[in-house]
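Numbering (the working numbering), first residue to last: 1 to 145.
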């Protein structure tokens with residue numbers, strides 16, 4: 001495959017991902033509707049929900065691509081809203097471990113289940129093997145470095 005063909009295929013994949021992303025966000029309610037949360041705060045909560053292992057403020061800053069100072073403000077707002085708690089970091093007394101409150105975890109779970117149910121018919125076009133392959137391929141290109 002030539003460079004032009006490969007670039008066109010990458011563009012096609014990105015277009016499909018954009019369309020799928022729009023379908024995911026269309027017509028959905030925002031989680032934590034009782035709270036006015038920024039996009040970055042929502043990303044922080046979903047990071048806490050899905051990242052394997054403990055999440056420190058520095059890990060969250062790196063994941064979100066923001067400064068440590070911005071993460072401090074972000075976490076302070078989420079703590080004030082009762083959505084995030086901090087625990088002592090057993091490996092570093094200067095750092096904290098971030099975690100969602102039980103209420104926040106319940107809301108994330110409820111929200112994700114509703115999105116899955118709404119989007120599930122689109123994936124009925126794929127058999128189980130294709131769905132596994134798609135998930136594996138997307139995991140490969142979205143792996144954190």
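Just so you know, even glycine gets a beta-carbon here, dropped at the ideal spot from N, CA and C.
Owing to the predicted nature of the structure, the values given are computational and were not obtained by experimental measurement.
query: Roughly how many whole angstroms lie between the Cα atoms of residue 77 and residue 93?; result: 23 Å
query: Following the continuous alpha helix (DSSP H) through residue 109, name the residue where it begins and the one where it ends.; result: 102-123
query: As an exercise, report each continuous alpha helix (DSSP H) stretch of at least 4 residues that is fully enclosed by the segment 40-96, in chain order.; result: 57-64 and 68-80
query: So is residue 111 buried or exposed if we call it buried at 16+ other beta carbons inside 10 Å?; result: buried
query: Skipping 5 residues on each side, what residues in its chain have a beta carbon closer than 6 Å to that of residue 85?; result: 99 and 101
query: Is the beta carbon of residue 71 closer than 9 Å to that of residue 60?; result: yes
query: Go ahead and label residue 18 buried or exposed: buried means 16 or more other beta carbons lie within 10 angstroms of its beta carbon, across all protein chains shown.; result: exposed
query: Quick check on residue 41: buried or exposed, where buried means 16 or more other Cβ atoms within 10 Å of its Cβ?; result: buried
query: Where residue 55 and residue 90 are concerned, what is the direct C-alpha to C-alpha distance, given to the nearest angstrom?; result: 12 Å
query: Below 8 Å on the Cβ atoms is my guess for residue 97 versus residue 87; work out the distance and round it to an integer in Å.; result: 5 Å
query: Is it buried or exposed for residue 121, if we count other Cβ within 10 angstroms and need 16 for buried?; result: exposed
query: By DSSP's criteria, residue 98 is part of a beta bridge. Which residues make up the other side?; result: 55 and 86
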